[in-house]
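A.B. asks: Chains as they are written, first to last, in the working numbering: chain W, 40 to 294; chain B, 41 to 412.
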Amino acid sequence: MTDRPHDDHLVMRDILVSFNGFHAIEGFNFAVGRGELRCLIGPNGAGKTTALDLICGKIKVTAGNILFKGKSLNKLEEHQIAQAGIGRKFQVPSVFKELTMRENLEVAYCKSNSVLANAFRFGHRSEDDSFEKLAELVGLQDALDRSAGELSHGQTQWLEIALLLAQDPELILMDEPTAGMTHHETQKTAKLFNRLKGNHTLIVVEHDMGFVKEIGDVISVMHQGKMLAQGSVSEIEQNAAVKDAYLGSGGISGA
Amino acid sequence: MSRRTLIQLCVYGAVCLAILLVPTFVDNAFILNKYGRYLVFGILAIALSLSWGYTGILNLGQATCFGLGSYCMAMALKLRTVPVHTGSEGLPDFMVWNNVETLPWFWVPFHSLSFALIAGIAVPVLFAMLLGWFMFRGRITGVYVAIITLATMVVVNLLIIDQQRFTGGFNGITDLAQLEIMGFTFDAYGRSSYYLIAGTLTVCLFFALAVTKSKTGLIMQAIRDNEGRVRYFGYDVAFYKIFAFSVSAGIAGVAGMLYTIVMEFASPTFLGVSLSLSVVIWCAVGGRQSLLGAMLGAIFVTGMQGALSESEAFLDTWMLIMGFVFVLVVLLLPKGLAGAVEMLVDRLFKHEKPQSERTALSQAASQTGPAQ
Ligand SMILES: Nc1ncnc2c1ncn2[C@@H]1O[C@H](COP(=O)(O)OP(=O)(O)O)[C@@H](O)[C@H]1O
Ligand SMILES: [Mg+2]
C-alpha cells in the first residue's frame, strides 16, 4: 500500500473477520485517499459487502484496525460512524417504504441526532426547494409525495442514492448501485458519481465492468477475503491473478 | 403547514369539541361517569398508538404505567379521606388492619397533591426509561419486547398484591376522597370530572400529535419501518425508542390518574393482562397509526362493550360479538377504521385531482402536502 498517512481518508489494516470460524476476510489491507473514487470488484463471495459492513459498523472486525481521518472506528456504534461522516447504500436497496419520498429525504438529512432537539423541529426543510432539486437530479421529481413502497426497483435504487446525497457524508459507500438499472440509467449514475468525486470520497462495489471503466481511476480487486490486486483498469485487465480469480465466473467483463 | 395537516388539525379539534359538548346534552350522572371512563381509555389508546402505531414497539404492558399513575392518585386521595375512614394519625384504614404503625416513607410525600400529580407522570416515565434502556440498548425487538413488557407487568402486579400492608393488596386502595384543586371539587359523577377528563384528553391528543409531527416523530416512524437503516443516517435508535416509550408511559400515567378519579378506587386489575390486551384491540380496531383513530377505537369498543353487556339480549353473547367485530376489522381493514376513512377521503381527493398519485392507504401521520 502507499505510504501517505495524511492523504488517506480511510485505512483498513490487517483486517480479520471471522464468522463462527469462517474467515470471510483475512489479512486485508486497504486505503482510500480523500476525494478519490475507488471501485471495489471481485467475484461473488469475495467479501466486498463484508468490507463495507465493517466500515459502516454493521459488523465489527475480529482483528485489525479501521481508521477514518486517522481515528479508529473499531469502538464506535453505527450511528456514531454515520455522524463521523460515513454513509452507505446497501446492496438490497434499503429505504423507508411506508414513508413518502420527501419524508425519506427528511430522515436522511440528519442535522442533529438529539431526540429532544428534533422533538422541537417542525419546520420541514422541504419548504426550500432543496429536496425538489435532489429529486430532479435522480429523476424522481414526480414521486416526492408518493410512498417509497410504490417505487420500482430501479427507482428505489435512485431514491437511496438521493438519500445519501441528502445525508451528504464525506465518505460514501455504494454496494452495487447499478444493479437493476437500465443501460441509460447506469450511464446517468456514472455521470453523477464523476460529479461527486473530489468533494466526496467514494467506495463503489460494482459488477458491471463497463460502469467501472467509466468511473474508476484505481480499481481494487478482492478475492476470497484478501486484496488481490490494485491498479488502473488496463492494469487490472492484464493481471494474471485477477484472470485466474474470475475463471469460471465468465471472466472479469462478464458482469 | 400543508393542507393535509390543516385538515387534520380541524378534524382533531372538531372531535375534541364534540366530546367537550357532551355534558350539555347528557344530564345523567351515571352516564357521564361512564362516558368519562371511555374517554380515559381513549387517552390510554393514544399512548399505545405512539409506541406501537408510530414506533413499532408493541407494548403488551401498557397497563403497567396506567396502573402506576392510578396508584399515585389513589395514594394522595387516600390520605385526604375524612378521618372516619382512616386510622389514627391519618393512617389509611387498610394499614391499620394490617398492623402497620407508621406511614411508610414512600407514602409521606403523597400528602402533597402537587407531588402526587407529578409522580403520577414521573413514576411511569422513569419506569419506562429504565425498562426501555434495558431493552433498547440491548437491541431487543419485536415479539421479545412484547413478552418482556407483559412479564414486567405481571411482576409489578404481583408485587402490588403481595405488599398488601402498603398497597392494599387484592382490594386495592378504596374509599378515596374526591379530588380537590384550589377549592374546586371533582365529583366522580359530576360534570366537573367529565370536563377534567375531556380537557386532559384534548391536551394529550394534541401533545401526541405535536410529537408525531416533529422530526423526532418522523424518525420514530422511520424506525418502525426499517430500524436498521435509521442507524446509518446517524440516529441513535435506542434513544428514540426510549423517548417514544417514555412519552407513551407518561400519557398512560395521566390516564391512570384520571381513572382513579372516575372509579374512586385503584386496584391491581388496573395493571391487568386483560386491560393491556384490550388496549391493543382498541388500537387495532381504530387504527393504530392514527392517534385519533386509536382514541375513537377505544371509545367505540368500550362503549359497545358497555352497551352490549348491559342489554339483556346480549348478556351471554357480547364477548362473542366483540371478538367477531375485532376479527372482521383486523382481516378487512389492516389499518383499522381510521385507515378505511382515509382511504375514502383519498378516493374523493383523487377524484378531484386525477393527476395526484398518493397512496390510498398512506397513514394519517405521514401526510405532507398534496402532490403537486
Ligand atoms: N453473517 C455472515 N455469516 C456467515 N458468513 C457470512 C456472513 N456474511 C457473509 N458471509 C460469507 O462471507 C463471504 C463474503 O460475503 P460477501 O461480503 O457478501 O461477498 P460479496 O463480495 O459477494 O459481497 C461469503 O462467503 C459469505 O457467504
Ligand atoms: Mg455483495
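The beta carbon of each residue, even a glycine, is placed where N, CA and C say it ideally should be.
For B:Phe-366 and B:Gly-376, I'd like the C-alpha separation in whole angstroms.
C.D. replies: Taking the straight line from one Cα to the other gives about 10 Å.
A.B. asks: Among B:Ile-213, B:Thr-256, B:Phe-305, which has the Cα closest to the Cα of B:Phe-283?
C.D. replies: With distances taken between Cα atoms, B:Phe-283 lies closest to B:Thr-256.
A.B. asks: Please confirm if W:Gly-81 has its CB atom under 8 Å from at least one CB of chain B.
C.D. replies: Chain B, which has no Cβ nearer than 8 Å to the Cβ of W:Gly-81, makes this no.
A.B. asks: Answer with yes or no whether the minimum CB distance from W:Gln-122 to chain B is below 8 Å.
C.D. replies: Output row for W:Gln-122: interface = yes.
A.B. asks: Check whether the Cβ of B:Ile-259 lies closer than 8 Å to any Cβ atom in chain W.
C.D. replies: At least one chain W Cβ lies under 8 Å of B:Ile-259.
A.B. asks: Which residue marks the beginning of the alpha helix (DSSP H) containing B:Ile-83, and which one marks its end?
C.D. replies: Element bounds for B:Ile-83: 69-88.
A.B. asks: Give me the Cα-Cα distance between B:Ala-262 and B:Val-122, rounded to the nearest whole angstrom.
C.D. replies: About 52 Å.
A.B. asks: Could you tell me which of W:His-192, W:Lys-150, W:Arg-141 sits nearest to W:Ala-121, measuring between CA atoms?
C.D. replies: For the residues W:His-192, W:Lys-150, W:Arg-141, the minimum Cα distance to W:Ala-121 belongs to W:Lys-150.
A.B. asks: CB-CB under 7 Å to B:Pro-308, same chain, minus the five flanking residues each way: which ones, in chain order?
C.D. replies: Same-chain partners within the cutoff: Asn-197, Ile-200, Ile-201, Phe-210, Gly-212.
A.B. asks: If you draw a straight line from the alpha carbon of W:Lys-252 to that of W:Glu-117, how long is it in whole angstroms?
C.D. replies: Straight-line Cα distance between these residues: approximately 32 Å.
A.B. asks: Could you tell me which chain W residues have their CB closer than 7 Å to the CB of B:Thr-64, listed as they occur along the chain?
C.D. replies: What B:Thr-64 touches in chain W: nothing, since even the nearest Cβ is about 34 Å away.
A.B. asks: Quick one: grab the DSSP three-state call for W:His-262.
C.D. replies: It is a strand residue.
A.B. asks: Excluding the 5 residues preceding and the 5 following B:Thr-240 in the sequence, name in chain order all residues of the same chain whose CB lies nearer than 8 Å to its CB.
C.D. replies: Only Ile-83, Val-294, Leu-298 meet the Cβ criterion.
A.B. asks: Whose C-alpha, out of W:Ile-94, W:Arg-52, W:Gln-277, W:Leu-144, is nearest the C-alpha of W:Leu-198?
C.D. replies: The shortest Cα separation from W:Leu-198 among W:Ile-94, W:Arg-52, W:Gln-277, W:Leu-144 belongs to W:Leu-144.
A.B. asks: Please report the straight-line C-alpha distance between B:Leu-153 and B:Met-335, rounded to a whole angstrom.
C.D. replies: Rounded to the nearest angstrom, the two C-alpha atoms are 28 Å apart.
A.B. asks: Roughly how many angstroms separate the alpha carbons of B:Val-381 and B:Ser-89, rounded to a whole number?
C.D. replies: Approximately 17 Å between the Cα atoms of the pair.
A.B. asks: Which residues in the same chain as W:Asn-104 place their Cβ atom closer than 7 Å to its Cβ, once the five residues preceding and following it in sequence are excluded?
C.D. replies: Contacts found: Arg-52, Ser-111, Asn-113.
A.B. asks: If you count every other CB in all the chains shown that lies within 10 Å of the CB of W:Lys-282, and 16 or more means buried, which is it?
C.D. replies: It counts as exposed.
A.B. asks: With C-beta atoms as the reference, is B:Val-319 less than 8 Å away from B:Val-287?
C.D. replies: No; because the gap between Cβ atoms is not below 8 Å, this pair is not in contact.
A.B. asks: Quick one, which residues of the stretch 280-295 of chain B are near chain W if we go by CB-CB under 7 Å, in chain order?
C.D. replies: If the cut-off is 7 Å between Cβ atoms, the stretch 280-295 of chain B has Tyr-280, Phe-283 near chain W.
A.B. asks: Does the count of Cβ pairs from the stretch 87-104 of chain W and the stretch 59-71 of chain W closer than 8 Å reach three?
C.D. replies: Short answer: they touch.
A.B. asks: Opposite W:Ser-57 in the DSSP bridges: which residues?
C.D. replies: BP columns for W:Ser-57 point to W:His-62.
A.B. asks: Cutting at 7 Å between CB atoms, please list the residues of its own chain near W:Ile-275, excluding the five before and the five after it.
C.D. replies: Correct list, in chain order: Ile-258, Val-260, Ala-268, Val-281.
A.B. asks: Whether or not the stretch 130-147 of chain B and the stretch 220-235 of chain B are in contact is what I'm after, with contact meaning three or more pairs of Cβ atoms, one per stretch, closer than 8 Å; do they touch?
C.D. replies: No, because fewer than three Cβ pairs between the stretch 220-235 of chain B and the stretch 130-147 of chain B fall closer than 8 Å, the two stretches do not touch.
A.B. asks: Taking 6 Å as the limit between beta carbons, can you name the residues of its chain near W:Ser-165, skipping five residues before and five after?
C.D. replies: Below a pLDDT of 50, predicted positions are generally treated as unreliable, and W:Ser-165, at 49, falls in that range; no measurement from the model is reported.
A.B. asks: Would you give the residue range spanned by the beta strand (DSSP E) that B:Thr-225 belongs to?
C.D. replies: Note, B:Thr-225: beta strand (DSSP E), 224-226.
A.B. asks: When we look at the beta-carbon of B:Thr-104 and count the other beta-carbons within 10 Å, is it buried (16 or more) or exposed?
C.D. replies: With 16 or more Cβ atoms within 10 Å of its Cβ, B:Thr-104 is classed as buried.
A.B. asks: Find the residues of chain B that neighbour W:Gln-206, judging by a C-beta separation of less than 8 Å, and give them in chain order.
C.D. replies: By Cβ distance, chain B contributes Phe-273, Gly-274.
A.B. asks: Taking the C-alpha atoms as reference points, what is the distance between B:Val-270 and W:Ala-147?
C.D. replies: About 8 Å.
A.B. asks: Between B:Ala-262 and chain W, is any beta-carbon pair separated by less than 8 Å?
C.D. replies: B:Ala-262 counts as touching chain W.
A.B. asks: Report the residues of the stretch 367-380 of chain B with a CB closer than 7 Å to any CB of chain W, ordered along the chain.
C.D. replies: From the stretch 367-380 of chain B, no residue has a Cβ closer than 7 Å to chain W.
A.B. asks: For W:Ile-125, which of helix, strand or coil comes out of DSSP?
C.D. replies: If DSSP states are grouped into helix, strand and coil, W:Ile-125 belongs with the strands.
A.B. asks: So, helix, strand or coil for B:Phe-273, using DSSP?
C.D. replies: B:Phe-273 falls in the coil class under three-state DSSP.
A.B. asks: Classify W:Ser-165 as helix, strand or coil using the three-state DSSP reduction.
C.D. replies: Confidence is the limiting factor: at W:Ser-165 the pLDDT is only 49, short of 50, which leaves the residue's position unreliable, though a coordinate-based value still follows. The answer is helix: DSSP assigns W:Ser-165 an H, G or I state.
A.B. asks: Return the chain-ordered list of same chain residues with a C-beta closer than 8 Å to the C-beta of B:Lys-74, the five sequence neighbours on each side being excluded.
C.D. replies: Around B:Lys-74: Gly-346.
A.B. asks: Using a Cβ-Cβ cut-off of less than 9 Å, list which residues of the stretch 129-143 of chain W approach chain B; keep chain order.
C.D. replies: Listed by position, the residues of the stretch 129-143 of chain W near chain B (Cβ gap below 9 Å) are Phe-129, Ser-133, Val-134, Phe-135, Lys-136, Glu-137, Leu-138, Thr-139, Arg-141, Glu-142, Asn-143.
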